[in-house]
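Right, one structure below, let's go through it.
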Amino acid sequence: MAESKGTEKVIIVGGGPAGYTAAIYAARAELEPLLFEGFEWGGQLQNTTDVENFPGFPEGIMGPEMMTKFREQAERFGTRFVTDDVEKLELSDGDLHRAVLGDETYEAHTVILAMGAEPRRLGIPGEMELTGRGVSTCGVCDGAFFKDRRTMVIGGGDSAMEDADFVSKFSSSLELVHRRDEFRASKIMQQRVEENPKITVRTPWIPEEFIAGDDGALAAVRLRKADNGEVEDFEVDGAFVAIGHIPRSELVTGQVDTDDGGYVKVEPGSTRTNLAGVFAVGDLVDHTYRQAVTAAGSGCQGALDSEWYLRDEGLGG
Ligand code: NAP
């Protein structure tokens, strides 16, 4: 474990695209960032296969390899890593902030929160085993892998509508499955889906199991009709679970302002939270875009906001 040498200028919490990008910028600004990247560093991309939409990789790149490159770039400029999970954060308003891990307490003038979010899961049999083998939580990332195949999107919010619309561009057919007859999605996005000739809307059906075929990949989704209990194994090649995300804000709940969904609130157009010296970036603040490239851009903003704060406060930024 890294030794803390007095007060840090910047502590970054979170080892995904946002955290590593913040580290690259902070390190190049000679802020010597200390990055708590988590025991399972790499964030959501660590569980992804091909990434084809990150600029600069025209042939695509595997998610874990991309995160290794992010990490190496942060390391090259002097980022120090703690490959473990912070147990406690004690944030202040303009004073020193503390990160606690085991017996160690690390102090810093600024903290960049980059803990990300995780896709909400259905919690049904086969879901985790078949993730990456036909089950996905990201239509924008994986839709193109199902060209001319049968697909399903599960959910009734804007994410599900957006995924259905996007994935249907590639699929031969798409079932949109939702557990209720009413949708949470905005009227316009719902209408777009209803008017799409490739999409069939199925309500009120509840997914109960993802079933593998002989090749070990997804073959069918077991659905149960909510109103009469009818059960059907619906054959599909790809199923996209789009039932929302859960921001990983538990370390800071009750300390910084969060919205109803638990996302950390920042001043519009900046990464500043309600606490001076505490910045938040990436999926932890963003329930709309949630892409590696937008998270990386946000991490850059967090590092610059932190640098400017240190400079303005005369703390060596
Ligand atoms: P959301 O609005 O919370 O919708 C989640 C959907 O998943 C709901 O329909 C919910 O069903 C369903 N669901 C939740 N748990 C489930 C379970 N265990 N089994 C089956 N279904 C389940 O989440 P979201 O669609 O990700 O949207 C989040 C926010 O981002 C929203 O504010 C949305 O407007 C915004 N967003 C905007 C855009 C855009 O404007 N382009 C795109 C994406 C997201 P119930 O309705 O029955 O609870």
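Position one of the sequence shown corresponds to residue 3 (the numbering used here), numbered consecutively onward.
Yeah, the Cβ is synthetic: ideal placement off N, Cα and C, and Gly gets one too.
Within the stretch 146-198, the complete beta strand (DSSP E) runs of at least 3 residues fall at 152-156 and 175-179. With contacts defined by Cβ atoms closer than 8 angstroms, E237 and G128 do not form a contacting pair.
Taking every protein chain shown into account, the CB of E197 has fewer than 16 other CB atoms within 10 angstroms, so this residue is exposed.
Not one heavy atom of ligand 1 sits closer than 7 angstroms to the Cβ of D229. Annotation: the continuous beta strand (DSSP E) that includes F83 extends over R82 to V84. In the DSSP annotation of this structure, W310 is not part of any beta strand (DSSP E); the continuous alpha helix (DSSP H) holding it starts and ends at A294 to D314.
When distances are taken from the beta-carbon of G159 to the heavy atoms of ligand 1, the shortest one is below 7 angstroms. Here the alpha carbons of M130 and E232 stand approximately 25 angstroms from one another. In the three-state reduction of the DSSP assignment, A116 falls in the coil class. Under a 10 Å Cβ-count criterion, S188 is classified as exposed, with fewer than 16 other Cβ atoms of the shown protein chains found around its own Cβ.
Taking 3 residues as the minimum length, the beta strand (DSSP E) runs contained wholly in the stretch 239-284 are 240-243, 247-249 and 280-282, in order along the chain. In the three-state reduction of the DSSP assignment, K71 falls in the helix class, which pools H, G and I. G301 has its alpha-carbon roughly 20 angstroms from the corresponding atom of E252.
With respect to the 8 angstroms criterion, V243 and R123 are classified as neighbours on the basis of their beta carbons. Short of 7 angstroms from the beta carbon of A166, and not among the five residues preceding or following it, lie these beta carbons of its own chain, in chain order: V155, L176, L178, V195 and I201. Contact between A76 and I26 holds: their C-beta atoms lie close to 5 angstroms from each other, under 8 angstroms. For L225, the CB stays at least 7 angstroms from every heavy atom of ligand 1. Leaving aside the five residues that flank E120 on each side, the residues in its chain whose CB is nearer than 8 angstroms to its CB run, in chain order, Q46, H247, I248 and R250. Comparing C-alpha distances from D217 to each of N276, G240 and R135 shows the shortest one belongs to R135. Here A28 is near S308, since their CB atoms are less than 8 angstroms apart. Taking the Cβ of R82 as the reference point, every heavy atom of ligand 1 lies at 7 angstroms or farther away. Ranked by Cα distance from D229, the first of N276, R181 and I213 is R181. Residue pairing by DSSP places E54 opposite no residue, since no beta bridge is assigned to it. For I245, the shortest separation between its Cβ and any heavy atom of ligand 1 lies below 7 angstroms.
With a cut-off of 7 angstroms, the C-beta of T50 is classified as distant from ligand 1, since no heavy atom of the ligand falls inside that distance. The beta carbons of L37 and T81 sit closer together than 8 angstroms. Following the DSSP letters along the chain, one finds V142 in no beta strand (DSSP E) but inside the alpha helix (DSSP H) bounded by residues G141 to D144.
Membership of I26 in the alpha helix (DSSP H) is indicated by the continuous run P19 to R30. Secondary structure at A228: coil, using DSSP grouped into helix, strand and coil.
Between G240 and L225, the gap from beta carbon to beta carbon reaches 8 angstroms or more.
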